[in-house]
Amino acid sequence: MTEINLFTSNMGLEPEHFGLTRDGTGFVLALPFARALGKRDAHDALRLLDADEWCPHIVRADGTAVRENVILEDGIWELIFVSRTPTAKAIKARVKAILRQLRETGVVDMRPDLSDPLLELQRASESLSRSVALALAERKRAESAESNVRALTPAANAWAAFLDAGRSMEVGAAAKCLAAHGVDTGRTRLYSLLREWRWVFQRSREPMGSAVERGYVRLALDKPHTNPKTGEEEDGSARTRITGKGLERLADHFGVRLDLDIVNQYLEQQERAA
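If you're matching positions, the sequence shown starts at 7 in our numbering and goes up one per residue.
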């Protein structure tokens, strides 16, 4: 079994992570090499090196560009020298073998050594273990996603029914409803936002046609009433009301998720006061 065959993928470091620059200097990708030495990330390794021992990008001997942090040969030996990990000595031998093959042949022979059936069986077993681990992780993610969908479906259906019902609330009630969700706003500030979004007119505060067409607001008229001073019947006042779709848009803007129970609570308060 050669030194290259010892270079197994369970360390996260592969021969293809290495290369030569145009002047024949050996280098390795910083992230996998740092992790093989037990470092948290590439920066954890690069901070130990001098400026001329690594660079943010490199051009390989064949002219292809590597646009990520690489550790040059002097930096490789420096990190191995200061490393306290048990694998540092083995890594040193493997790095020597890889760089030697690169300089002699320009490529690294990654073909498996079939001289020992038990070693080949071990490699196959390790590969199978990794595949099983990935499959189990993927199944767990799928089950979690399915569970989340099941949990959210009733709430989504309830909200869809609320939108279909066409209910709406006055701006003051909407401001209180949003405040109950943790939004720091009030009736006046909410009107300012509606004017900014061109949902209502500047002076009258009545809804603009474009916002009505998009389903964010609507115009509601109070019931006709008798003027107590003149005794005459008068038309109800026009009021802007925010629809469920508009309330949903406001919640998105403020970064909150609407609780349908709270929304219904303020709708019921509004209806009782009418």
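Beta carbons are placed, not taken as given, at the ideal position from N, Cα and C, and that holds for glycine.
Asked: Euclidean distance between Cα positions of Gly252 and Gly221; Found: 7 Å
Asked: Boundaries of the beta strand (DSSP E) in which Val269 is found, first to last residue; Found: Note, Val269: premise wrong, no beta strand (DSSP E); alpha helix (DSSP H) at Leu266 to Ala279.
Asked: Span separating the alpha-carbon of Leu285 from that of Ala185; Found: Any answer about residue 285 is impossible in this case: the structure gives the chain only from 7 up to 280.
Asked: DSSP three-state assignment for Glu240, whether helix, strand or coil; Found: strand
Asked: Sequence-distant residues of its chain with Cβ nearer than 7 Å to Val189 (five each side left out); Found: Phe260 and Val262
Asked: The region 193 to 210 in contact with the region 227 to 237 per 3-pair CB rule at 8 Å; Found: no
Asked: Paired residues, beta bridge with Leu26 - DSSP; Found: Gly32
Asked: Three-state secondary structure assigned by DSSP to Arg247; Found: strand
Asked: Cβ distance (whole Å) where Gln276 is taken to contact Glu176 below 8 Å; Found: 6 Å
Asked: Reduced DSSP secondary structure (H/G/I, E/B, other) of Leu227; Found: strand
Asked: For Val206, the three-state DSSP class (helix, strand or coil); Found: strand
Asked: Ala94 versus His187 - alpha carbon distance; Found: 55 Å
Asked: Three-state class that DSSP yields for Glu149 in the structure shown; Found: helix
Asked: One or two residues paired with Cys61 in a DSSP bridge; Found: Val76
Asked: According to DSSP, residues forming a beta bridge with Ala71; Found: Val65
Asked: DSSP state of Thr91 mapped onto helix, strand, coil; Found: coil
Asked: Minimum C-alpha distance to Ala226 - residue among Glu238, Ile248, Glu110 and Glu239; Found: Ile248
Asked: Proximity below 8 Å, CB of Val34 to CB of His23; Found: yes
Asked: Collapsed DSSP secondary structure at Thr194 in the structure displayed; Found: helix
Asked: Helix, strand or coil at Glu110 according to DSSP, with G and I counted as helix; Found: helix
Asked: CA nearest to the CA of Ala103, picked from Thr236, Pro21 and Glu240; Found: Pro21
Asked: 7 Å Cβ shell around Glu239 - same chain, five flanking residues per side excluded; Found: Pro230 and Thr232
Asked: Pro21 - DSSP class collapsed to helix/strand/coil; Found: helix
Asked: For Leu273, the nearest candidate out of Val218, Glu202 and Ala171 (CA to CA); Found: Ala171
Asked: Rounded separation between Ser216 and Val223 - CA only; Found: 10 Å
Asked: Own chain residues within Cβ distance below 7 Å of Ile64, not counting five before or after; Found: Thr27, Phe33, Val72 and Val76
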